[in-house]
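As structure tokens, the structure follows; a few thoughts come after it.
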Amino acid sequence: MLLVTAAIGGCDSTSSAMPPVQTTALADTDRIVPPAPDVQTTVGDAFGTAIAISADGNTLAVSAPGEDSDARGFNGDEFNNKALNSGAVYLYHKADGRWIRQGFLKAKDSQLEDRFGSGLSLSADGSVLAVGASQTDELDDVAAYGKGVNQGSVYLYRRKQQHWHFETQLKASNADSFDGFGSVLTLSADGRTLAVTAPGEDSTRDAMPDDNTGHNTGAVYLFGWHRNGWQQQALLKAPTTESMENFGQALSLSAHGKMLAIGASQHDGSVTVDGKPKRLHNTGVVYLFQHHQGQWQPQSQLTAHYSDERDNFGNAVSLSADGTHLAVSAQGEAGLPGAIQGGQDNSATNAGAVYLFDFIAGQWQQQAYLKADNGEQNDGFGSQLQLSADGKSLAVSAQWEDSAGGKHDNSALQAGAVYVFDRRETHWKQTAYLKASAPMAKDQFGNALSLSANGRTLVVGVAAEDAGLNENGKDYHPSMALGSGAVYSFSKSADQWQLNNYFKSNMGSGISHPPIAANH
């Protein structure tokens, strides 16, 4: 087993310098073209909360669940604030090196506080889009029975000849108040299999889905597309359910739709002390399910090599396309760079770690343990992560990392950072450290990220970013639109990462931060 700790400079531990991350100004041919600017409509939109990019890196969906317009359907009037937190999704397509906005998408039955866009997923070719709205209400149940609040739902769309068409709306078979169905979701490559979480679902086992004696045990629903449309295929529960486990907090589905990884970072573990069991809170666990002979069956249950309280193993998960490589984050893990396998150094609470597993001879085997090379207490390394299709590249965010640009300059509290690792045979190396071009405190760069199949296009969300335009509609201002959010797009060329695009939901093209060195 390879233990990777504090990899420096994209080389092994004997290397002394990291290849620089370029933060170049935007080229006209690479700019996203959003709608005309209007600062007032962006405040609190949280643009960049969820991101999905197609396998080829040419189709992009970005959500703004805090968006407030009362529009419905496709390309409605987005410039009003009549439906607070109803949510929206922005769609882009890249052709001939230029990003073109395809549309502005709202739920067909959009209501205030639905938070449409809480979850997003695209098929590999970018033609099928699933959008979660985790706070939709079943209005008839609310009126008649006083329940049905925040049940959640999922909307499916299909692109035909550059136009997006609504296909169907999905709900859980045992939907109930505060289930949060649609919080996280993932499509198979062909867009025919969909997994959806309801982390607030309360049943104690899948055989009794209407038994609500648990509390936030969580559930995952599998849907399949057939000639007759979308149908629910399965309801999955943890083999042993626990209240507050939030089974389904994280999800990843292999490209063929046959292997599913489910994170439950609030699962409690246990150890034996003086011959007596001791409960360890929120150690976390990941469950693997496999589709075999028409049925979803439990396959494996994974935990960290050394489980500690509040490690939150399973906070984020990502499978390779063939389902044989798995990355799992433990955002609360407390080891510093140089710690071996965790458990030996707990001096840096919430520094975070990532574990890599390979499926070999029918068994999951831990292959590596990764730390950020500048990891510190409360960085939250592992906030989000994603593997490339071949499992050889990995992007990991630390949304609470504090640097203002240089790795060891902690003057921008919770500015956030993203790290890229690459695998060479059995060795993992940190090859990039990415920051916003003008890091600001509390922006939390990396709250969402999405990596193309070849691992060469990376899109990063900064939903808490506050930048806006001043009254002339042209000049950048760092704090005019609180919580409006933003998205950064990076590309890799000749082993160098470059910032190609910085854009907001309704900001004109051509506005970018001045470049700032991304590593020191």
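Mind the numbering: the sequence shown is residues 812 to 1331 in my numbering, read in order. Positions of the beta carbon are idealized from the N, C-alpha and C atoms, including for glycine. All values reported here derive from a predicted model rather than from experimental measurement.
- Residues S945, N961, G963, A1009, P1010 and G1011 of the same chain have their beta carbon placed closer than 7 Å to that of G991, with the five preceding and five following residues left out of the count.
- Across the structure, A1305 and A935 are spaced so that their CA atoms are roughly 25 Å apart.
- Here the alpha carbon of Y1098 sits roughly 43 Å from the alpha carbon of M1291.
- For Q1042, the enclosing beta strand (DSSP E) starts and ends at G1040 to L1047.
- In the DSSP annotation of this structure, Y1117 is not part of any beta strand (DSSP E), being labelled neither H nor E.
- By the neighbour-count definition (other C-beta atoms within 10 Å, threshold 16), G1173 is an exposed residue.
- Inter-segment contact for the stretch 1117 to 1133 and the stretch 1072 to 1080 is present: three or more beta-carbon pairs are separated by less than 8 Å.
- Distance from the CA of K982 to the CA of L1033, rounded to the nearest whole angstrom, comes to 11 Å.
- Straight-line spacing of the CA atoms in S1054 and L1091 works out to 14 Å.
- Runs of the beta strand (DSSP E) lying entirely within the stretch 1100 to 1184 and spanning at least 3 residues, in chain order: 1106 to 1113, 1124 to 1130, 1136 to 1141, 1164 to 1171 and 1174 to 1181.
- Straight across, the Cα-Cα distance linking A1145 with Y1166 is about 14 Å.
- For secondary structure counted as the alpha helix (DSSP H) over 4 or more consecutive residues, the stretch 1195 to 1275 holds no complete run.
- In the DSSP assignment, the residues bridged to R969 are V939 and H976.
- Within the same chain, Cβ atoms closer than 6 Å to the Cβ of V1231 are found at A1206, T1242 and A1243, the five residues on either side in sequence being excluded.
- Assignment of F989 by DSSP, reduced to helix, strand and coil, places it in the coil class.
- Around the beta-carbon of V939, 16 or more other beta-carbon atoms lie within 10 Å, marking it buried.
- Within the same chain, Cβ atoms closer than 8 Å to the Cβ of W1107 are found at L1033, Q1044, A1045, L1047, L1071, F1100 and Q1101, the five residues on either side in sequence being excluded.
- No residue range can be given for V995, since it is assigned to no beta strand (DSSP E) and is classified by DSSP as neither H nor E.
- Counting of Cβ neighbours within 10 angstroms places F1168 among the buried residues, the total reaching 16 or more.
- Residue pairing of H1037 in beta bridges, as defined by DSSP: G1040.
- H1078 and G1095 do touch by the CB rule: their CB atoms are close to 6 Å apart, below 8 Å.
- For K893, the CB contacts under 6 Å within the same chain, skipping 5 residues up- and downstream, are D881 in chain order.
- Spanning the alpha carbons of E924 and L967 requires a straight line of approximately 20 Å.
- For T1008, the enclosing beta strand (DSSP E) begins and ends at T1004 to A1009.
- When DSSP states are grouped into helix, strand and coil, F885 belongs to the strand group.
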